[in-house]
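Reading through the structure tokens given below for one structure.
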Amino acid sequence: MRINFWFAILLLLLSSHFASASVSLLQPKSLAYQKNIIAEAEHSGLSRVELDKSQTFDVVKDGKLQGTLIQGKGWVREVQPVCFIGWSKDGENINQFIQTIGQGDWETVGCHKVDSVGFISKKDDENEKIAVIYTIEAPDHYGTDYYVMGLKAGDGVYYDNSTTEKFQNSSLKTIAELRKAYQK
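Quick note, the working numbering runs 24 ahead of the 1-based positions in the sequence shown.
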């Protein structure tokens with residue numbers, strides 16, 4: 025009888041839903057951020073600014089909006105294509121603006137386009153990671169590059185240099201491949 029009791033408790037525990045954070049990328053409910061992100065990009069020296077609405081997402085954790093991750097591209101002095109990421113906590117005002125491919129460590133290549141955005145961390149990982157995969161323009165060919173960010177609870181995103189560097193010079197082309205490599 026005692027074994028049946030413990031077996032029943034074990035079954036109950038295994039079938040129960042444990043509280044775990046659920047984080048999703050969803051299409052934004054509002055485009056209120058557009059005017060402000062374009063103004064921020066222009067203030068940062070970019071012209072001909074374009075937003076990539078297909079790769080812009082609301083980050084939702086346990087049903088609560090954490091912020092909007094905005095993807096875009098502009099040009100420095102009309103010759104260098106630069107991609108950028110914006111973060112809006114409220115879907116309207118821009119709290120962070122980060123130039124990615126086409127400047128800084130990536131100034132020798134241009135940003136052609138954003139290919140995909142997605143989570144690469146495990147579903148219950150406390151240190152949530154979002155990867156962006158870019159098609160880059162080198163002088164004689166197109167290639168693939170990556171930008172990995174960590175998600176700060178309620179505060180925004182940050183560039184994860186060490187995780188990004190792990191993927192450099194790899195042949196990974198999709199979020200699923202990055203996720204598999206990251207979770208090893």
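Using N, Cα and C, we set each Cβ at its ideal position, and we do this for glycine too. These numbers come from a predicted model, not from an experiment.
When you compare each of the options to residue i by their alpha carbons, which one comes out closest?
i, options, result
"V103", "V133, Q192, D169", "V133"
"Y206", "K146, K88, K85", "K146"
"V106", "T159, S195, G91, I144", "T159"
"E189", "S140, W99, A155, S112", "A155"
"R101", "Q79, D82, E66, D86", "E66"
"S78", "L70, S71, G87, G96", "G96"
"G174", "A162, E152, H165", "E152"
"T187", "S68, V172, K197", "V172"
So what's residue i in DSSP terms, helix, strand or just coil?
i, result
"G128", "helix"
"E116", "coil"
"A162", "coil"
"S186", "helix"
"R203", "helix"
"K17", "The requested residue 17 does not occur in the structure, where the chain is confined to residues 25 to 208."
"Q192", "coil"
"K77", "helix"
"A177", "coil"
Measure the beta-carbon distance from residue i to residue j and round it to whole angstroms, keeping in mind my assumption that it falls under 8 Å.
i, j, result
"G142", "L49", "7 Å"
"V181", "L93", "7 Å"
Spatial neighbours of residue i within its chain, please: C-beta separation below 7 Å, excluding the five flanking residues on both sides.
i, result
"Q58", "L75"
Excluding the five sequence neighbours on either side, which residues of its own chain have a C-beta within less than 6 Å of the C-beta of residue i, listed in chain order?
i, result
"E64", "I118, F121"
"K137", "T159"
Return the chain-ordered list of same chain residues with a C-beta closer than 8 Å to the C-beta of residue i, the five sequence neighbours on each side being excluded.
i, result
"Q192", "D169, Y170"
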